[in-house]
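So for the sequence shown, the UniProt record's numbering puts the first residue at 1; every next one is plus one.
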Amino acid sequence: MTAEDLLRAARADLDRITPRGLAELRTREKVLVVDIRPRETRAAEGELPGAVPVERIVLEWRLDPEGEHRLPGVTADTRVVVVCNEGYASSLAAHDLRRLGLTRATDLVGGFRAWKSAGLPVVAGGGPPVP
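This is the structure we're talking about:
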């Protein structure tokens, strides 16, 4: 199995969302947007407004709907969209979250860079990730 095989398998389980689709979805319902990019990248390129920065190494612990270390309000029904630079690592991460029971987890097609290229709002980034 290759990394491409893993990515293909992960994406087969996801209903991925485009940048414009996410922007529109956020006007209709509550969506937890989780930015897994490193702090330095977020500082250099910016962030999606309202996104919660969570380092990839603690993602499962902060979003496990049954875990004692989860973010406040996270339940199995929480709509989660994971964001990385270009939409590769986020697909793998979203797949892992679905395996934890977050059945509405997915990722952003093209990642943050596609969001920014689409002319959607970006704010200054680089704040500390959720501990």
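Glycine is no exception: its CB is placed at the ideal position from the N, C-alpha and C atoms.
These figures come from a predicted structure and were not determined experimentally.
Looking at the secondary structure, which residues open and close the alpha helix (DSSP H) in which residue i lies?
i	result
L14	No alpha helix (DSSP H) contains L14, which DSSP labels as neither H nor E.
A114	111-117
T106	That residue, T106, is in no alpha helix (DSSP H); its beta strand (DSSP E) goes 105-107.
L63	59-63
Any beta carbon of chain D sitting closer than 8 Å to that of residue i?
i	result
G21	In summary, chain D is missing from the structure at hand, where a single protein chain is found.
State yes or no: is the C-beta of residue i within less than 8 Å of the C-beta of residue j?
i	j	result
L59	A9	no
R98	E29	no
F112	L22	no
T41	V109	no
V33	G50	yes
L14	H95	yes
Near residue i, which residues of its chain fall below 7 Å by C-beta distance, leaving aside the five closest residues on each side in sequence?
i	result
V130	V52, P53, V54, R62, L71
A124	G46
Excluding five sequence neighbours on each side, which residues of the same chain lie with their C-beta closer than 8 Å to the C-beta of residue i?
i	result
L6	L92
A89	I36, R56
Just to confirm the assignment, what range does the beta strand (DSSP E) spanning residue i have?
i	result
D35	32-35
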